[in-house]
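K.L.:
Pasting in a structure now, in structure tokens, and then I'll have a few things to ask.
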Amino acid sequence: MDILLTHGYFLYEDPKELQIMKPYPPLGILYICAHLRKKGLRAEVFDSTFSSSRELFGVLQQGPPSVLGVYANLMTRPNVVEILRVAKNAGWQTVVGGPEPGAYINEYLQAGADVVVVGEGEVTLEELIPVLRSRPRDALRRVDGIAFLASDGSLVQTRPREQIKDIDSQPWPAREAIDSERYVQVWRQHHGMGSVSLITARGCPYHCRWCSHEVFGKTHRRRKPASVADELEWLIDRYKPEMAWMADDVFTIHHGWLSQYAGELKRRKLKLPFECISRADRLNSQVVASLAEMGCFRVWIGSESGSQRILDAMERGVSVEQVRSAVALCKSHGIQTGMFLMWGYEGEELDDIEATIQHVKKTDPDIFFTTVSYPIKGTPYFSEVASRVESPKKWMAGSDRELRIRGRHSRGFYKFADQLLRSEVELEQLRGKLGVAPSTITQLKNKTADFRAGLHASAGEVEA
Ligand code: B12
Ligand code: SF4
1 MDILLTHGYF
11 LYEDPKELQI
21 MKPYPPLGIL
31 YICAHLRKKG
41 LRAEVFDSTF
51 SSSRELFGVL
61 QQGPPSVLGV
71 YANLMTRPNV
81 VEILRVAKNA
91 GWQTVVGGPE
101 PGAYINEYLQ
111 AGADVVVVGE
121 GEVTLEELIP
131 VLRSRPRDAL
141 RRVDGIAFLA
151 SDGSLVQTRP
161 REQIKDIDSQ
171 PWPAREAIDS
181 ERYVQVWRQH
191 HGMGSVSLIT
201 ARGCPYHCRW
211 CSHEVFGKTH
221 RRRKPASVAD
231 ELEWLIDRYK
241 PEMAWMADDV
251 FTIHHGWLSQ
261 YAGELKRRKL
271 KLPFECISRA
281 DRLNSQVVAS
291 LAEMGCFRVW
301 IGSESGSQRI
311 LDAMERGVSV
321 EQVRSAVALC
331 KSHGIQTGMF
341 LMWGYEGEEL
351 DDIEATIQHV
361 KKTDPDIFFT
371 TVSYPIKGTP
381 YFSEVASRVE
391 SPKKWMAGSD
401 RELRIRGRHS
411 RGFYKFADQL
421 LRSEVELEQL
431 RGKLGVAPST
441 ITQLKNKTAD
451 FRAGLHASAG
461 EVEA
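Counted from 1, the sequence shown has number 56 at position 56 by our numbering; the numbering is strictly sequential.
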């Protein structure tokens with residue numbers, strides 16, 4: 001074996017993920033595996049999702065050691081650090097890649113990675129593996145897109161890796177390298193529908209300040225509609241799923257492409273229910289009608305805030321009104337809507353929170369999720385608050401999600417904001433229903449008043 005690829009996501013060791021039970025295969029390492037195999041390298045994948053760290057450590061300790069490539073994102077950091085430690089002790093050469101390591105090169109090298117790969121991994125690993133296996137360390141300098149420590153301990157970062165121009169020339173993800181059926185079965189068992197995921201593009205050209213662009217920069221490269229339809233057709237044939245998730249950043253970004261893709265599906269009589277993410281400004285009546293015709297049953301929209309001032313501060317490039325009409329448009333075509341909202345962005349105050357609550361009440365999506373904003377290293381948002389960022393944990397045990405921003409409202413404040421939002425929305429929904437006991441409404445009104453009082457009372461508490 002030339003390389004063993006893995007990731008640090010262990011579903012059964014994560015109580016939160018166990019409640020959600022919506023796993024998808026790690027497409028990044030499957031793309032890399034397919035590429036390396038096509039180039040004649042012997043690549044294998046240890047899929048950690050349904051496994052355990054113990055099992056992975058057993059494989060590493062049993063050997064024989066080779067090159068280990070680990071995918072890391074901000075949530076999996078502590079697991080990845082532990083994997084690197086075990087692998088190094090067992091004699092493996094270690095490489096990390098994915099959306100996080102490029103922003104924490106030194107930390108990952110100190111944690112035991114021999115090489116950090118920045119950007120796309122396919123061609124970099126193709127060139128890196130032979131160097132790691134046989135040539136002196138100095139030859140690493142000739143591989144673009146990596147960082148490593150030279151023999152004198154100094155940090156070397158090579159030239160940026162050029163992106164793959166024609167992503168259609170790449171093989172599809174090596175789904176057969178792992179137990180992909182199991183993902184579909186888990187979905188079917190827990191949600192009544194087996195699901196598969198696929199991507200139709202790489203990169204997003206927008207510049208929302210909190211969003212990580214570490215891997216693909218702000219480029220946007222699309223696959224050909226026919227190639228995506230081929231993959232979908234193959235997935236249906238192979239895994240018999242009841243639905244799909246188009247895992248693009250913004251599936252609706254290119255309207256011309258979308259209409260060609262819709263035509264391609266129609267011609268082939270392919271219609272698999274699917275969900276996707278869209279920006280509100282990329283939805284118009286023609287696009288939504290086309291999504292409905294293709295089988296889209298749910299669109300996720302990053303709404304983030306009901307305050308235009310905050311949306312502008314985020315450089316979101318979308319108006320509150322656009323979100324409202326996009327949701328209404330989806331509803332009118334029978335498509336469910338999910339909304340993502342963010343508390344605590346720089347500058348957000350009580351008025352903005354009230355605006356968000358009014359916005360959700362008026363817009364009335366089928367479902368919404370909230371997060372307290374967190375600065376991901378490498379983003380403009382992180383740079384903006386960097387001087388006030390505090391980590392409650394050591395780097396290797398924590399994640400950017402846990403970072404605290406000094407001077408920002410307290411966690412308790414945002415908990416009240418969240419409770420207030422949920423009870424206001426519930427109240428709004430009950431108002432429209434017949435036969436609700438007046439006492440229920442009164443109780444909920446009282447609860448809402450308590451949450452609002454708590455929000456105002458805690459407005460003076462800030463993170464120290
Ligand atoms: C699908 C997806 C998910 C799925 C994951 C399912 C799955 N197993 O794939 C779900 C919904 C579960 C998810 C959850 C989360 N996600 Co997410 N997700 C994505 C998304 C939209 C697509 C991922 C993908 O398939 N990309 C396509 C492949 C081809 O790209 P890739 O994975 O980056 O791989 C390339 C390179 O990174 C590199 N590479 C990858 N692995 C390796 C390994 C080695 C050894 C090497 C050398 C190179 C290398 O080469 C690959 C091919 O070129 C990305 C954004 C994006 N467009 O990538 C966000 C993204 C990865 N998610 C992100 C975040 C923040 C999250 C959450 C924390 C969100 C939350 N608040 O809960 C959680 C974390 C979950 C967890 N426990 O890990 C961030 C990560 C930022 C960071 N610095 O880590 C991203 C980048 C979004 C963003 N722009 O901010 N996510
Ligand atoms: S949040 Fe979405 S639209 Fe904004 S830059 Fe990130 S991927 Fe693009």
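C-beta: ideal position from N, C-alpha, C; glycine also. Since the structure is predicted, the reported quantities are computational estimates derived from the model, not experimental observations.
In chain order, what residues place their C-beta within less than 5 angstroms of a heavy atom belonging to the ligand SF4?
P.N.:
Those satisfying the condition are, in chain order, C204, Y206, C208, C211, D249.
K.L.:
Apart from the five residues just before and just after Q322, which ones in its own chain have a Cβ nearer than 7 angstroms to its Cβ?
P.N.:
Translated into positions along the sequence shown, residue 322 becomes position 322. Closer than 7 angstroms at the Cβ level, and outside the excluded window around Q322, lie A280, D281.
K.L.:
Pull the bridge partners of Q336 from the DSSP assignment, please.
P.N.:
For this step, residue 336 is matched to residue 336 along the sequence shown. R298.
K.L.:
Mark S212 as exposed unless 16 or more other C-beta atoms lie within 10 angstroms of its C-beta, in which case mark it buried.
P.N.:
In the sequence shown, the residue the question calls residue 212 occupies position 212. When all chains shown are included, S212 counts as buried.
K.L.:
Using the Cα positions of C330 and D47, report the straight-line distance between them to the nearest angstrom.
P.N.:
For the purposes of this step, residue 330 is taken as the residue at position 330 of the sequence shown. For the purposes of this step, residue 47 is taken as the residue at position 47 of the sequence shown. Taking the straight line from one Cα to the other gives about 36 angstroms.
K.L.:
I'd like to confirm something about G194: is its beta-carbon nearer than 7 angstroms to some heavy atom of the ligand B12, or not?
P.N.:
Along the sequence shown, one-based indexing puts residue 194 at 194. Outside the cutoff, so no.
K.L.:
Assuming L155 is part of the beta strand (DSSP E), what are its boundary residues?
P.N.:
Translated into the one-based positions of the sequence shown, residue 155 becomes position 155. L155 -> beta strand (DSSP E) spans 155-157.
K.L.:
Measuring CA to CA, which of A464, H7, V67, G203 is closest to E120?
P.N.:
In the sequence shown, residue 120 corresponds to position 120, counting from 1. Closest option to E120, Cα to Cα, is G203.
K.L.:
Only counting the same chain, and skipping five residues up and downstream in sequence, which positions put a Cβ closer than 8 angstroms to that of A292?
P.N.:
Your numbering for residue 292 matches position 292 in the sequence shown. For A292, where only same-chain residues beyond five positions count, the Cβ hits under 8 angstroms are H333, G334, I335.
K.L.:
Identify, in the order they occur along the chain, each residue of the same chain with its Cβ nearer than 8 angstroms to the Cβ of C33, setting aside the five sequence neighbours on each side.
P.N.:
Position 33 of the sequence shown, counted from the start, is the residue given in the question as residue 33. Correct list, in chain order: L5, A43, E44, V45, P173, A174, A177.
K.L.:
Would the C-beta of E485 count as close to the ligand B12, meaning under 7 angstroms from any of its heavy atoms?
P.N.:
In the structure displayed, the chain extends from 1 to 464; residue 485 sits before or after that span and is not available.
K.L.:
How is G432 classed by DSSP in three states: helix, strand or coil?
P.N.:
Numbered from its first residue, the sequence shown carries residue 432 at position 432. Here G432 sits in coil by DSSP.
K.L.:
What does the Cβ neighbour count give for Y12, buried or exposed, with the cut at 16 atoms within 10 Å?
P.N.:
To locate residue 12, count along the sequence shown from 1; it is residue 12. The residue is exposed, with fewer than 16 neighbouring Cβ atoms inside 10 Å.
K.L.:
Quick check: is any heavy atom of the ligand B12 less than 7 angstroms from the C-beta of E463?
P.N.:
Position 463 of the sequence shown, counted from the first residue, corresponds to residue 463. No; taking the cut-off as 7 angstroms, the Cβ of E463 has no heavy atom of the ligand B12 nearer than that.
K.L.:
Measure from the alpha carbon of E214 to the alpha carbon of each residue in H409, A72, D366, then state which is nearest.
P.N.:
Counting from one through the sequence shown, the residue named residue 214 turns up at place 214. With distances taken between Cα atoms, E214 lies closest to A72.
K.L.:
With DSSP as the reference, identify every bridge partner of C276, one or two as the case may be.
P.N.:
Residue 276 sits at position 276 when you count from the first residue of the sequence shown. In DSSP, C276 forms a bridge with M246, V299.
K.L.:
In angstroms, rounded to a whole number, what distance separates the CA positions of V228 and E264?
P.N.:
For this step, residue 228 is matched to residue 228 along the sequence shown. For this step, residue 264 is matched to residue 264 along the sequence shown. Their backbone Cα atoms lie some 9 angstroms apart in a straight line.
K.L.:
Is it right to say S439 is buried, meaning 16 or more other beta carbons lie within 10 angstroms of its own, or is it exposed?
P.N.:
The count along the sequence shown starts at 1 and reaches residue 439 at position 439. Its Cβ having fewer than 16 others within 10 Å, S439 is exposed.
K.L.:
If we require 4 or more residues per run, which alpha helix (DSSP H) segments fall completely within the stretch 134-192?
P.N.:
Those alpha helix (DSSP H) runs which fall completely within the stretch 134-192 and span 4+ residues are 180-191.
K.L.:
What span of residues does the beta strand (DSSP E) with S195 cover, start to end?
P.N.:
Within the sequence shown, residue 195 is the residue found at index 195, counting from 1. Residues 195-198.
K.L.:
Under 6 angstroms Cβ to Cβ from H207, same chain only, skipping five residues before and after it: list those, please.
P.N.:
Here residue 207 refers to the residue found at position 207 of the sequence shown. Here the set comprises E315.
K.L.:
Do V95 and V67 have their C-beta atoms within less than 8 angstroms of each other?
P.N.:
As a working mapping, residue 95 is identified with position 95 in the sequence shown. As a working mapping, residue 67 is identified with position 67 in the sequence shown. Yes, Cβ-Cβ distance for V95 and V67 is below 8 angstroms.
K.L.:
Helix, strand or coil for L68 per DSSP?
P.N.:
Locating residue 68 in the sequence shown gives position 68, counting from the first residue. Note: L68 maps to strand in three-state DSSP.
K.L.:
For E354, report the span of its alpha helix (DSSP H) as first-last.
P.N.:
The sequence position of residue 354 within the sequence shown is 354, counting from 1. It spans 350-363 - the alpha helix (DSSP H) in which E354 sits, taken as one unbroken run.
K.L.:
Under three-state DSSP, which class holds R466?
P.N.:
With the chain covering 1 to 464 only, the question about residue 466 has no answer from this structure.
K.L.:
For the ligand B12, is there a heavy atom less than 7 angstroms away from the beta-carbon of A181?
P.N.:
Counted from its first residue, the sequence shown places residue 181 at position 181. Residue identity differs from the one stated: residue 181 is Glu in this sequence, not Ala. No, since every heavy atom of the ligand B12 falls outside the 7 angstroms radius drawn around the Cβ of E181.
K.L.:
Is any heavy atom of the ligand B12 found at a distance shorter than 7 angstroms from the C-beta of Y108?
P.N.:
Residue numbering aside, residue 108 sits at position 108 when the sequence shown is read from its first letter. No, the beta carbon of Y108 sits no closer than 7 angstroms to any heavy atom of the ligand B12.
K.L.:
Using 7 angstroms as the cut-off, classify the Cβ of A103 as near or not near the heavy atoms of the ligand B12, replying yes or no.
P.N.:
The residue you call residue 103 lines up with position 103 of the sequence shown. Because some heavy atom of the ligand B12 lies under 7 angstroms away, the Cβ of A103 counts as near it: yes.
K.L.:
Can you tell me whether A453 is buried or exposed, with buried defined as 16 or more other CB within 10 angstroms of its CB?
P.N.:
Stepping through the sequence shown from its first residue, residue 453 is reached at position 453. Looking at its Cβ environment, which holds fewer than 16 other Cβ atoms inside 10 Å, A453 is exposed.
K.L.:
Please work out which residues of its chain come closer than 7 angstroms, Cβ to Cβ, to I167, disregarding the five sequence neighbours upstream and downstream, and give them in chain order.
P.N.:
What you label residue 167 is simply residue 167 of the sequence shown in a count that begins at 1. The answer, listed in chain order, is R202, R221, R223.
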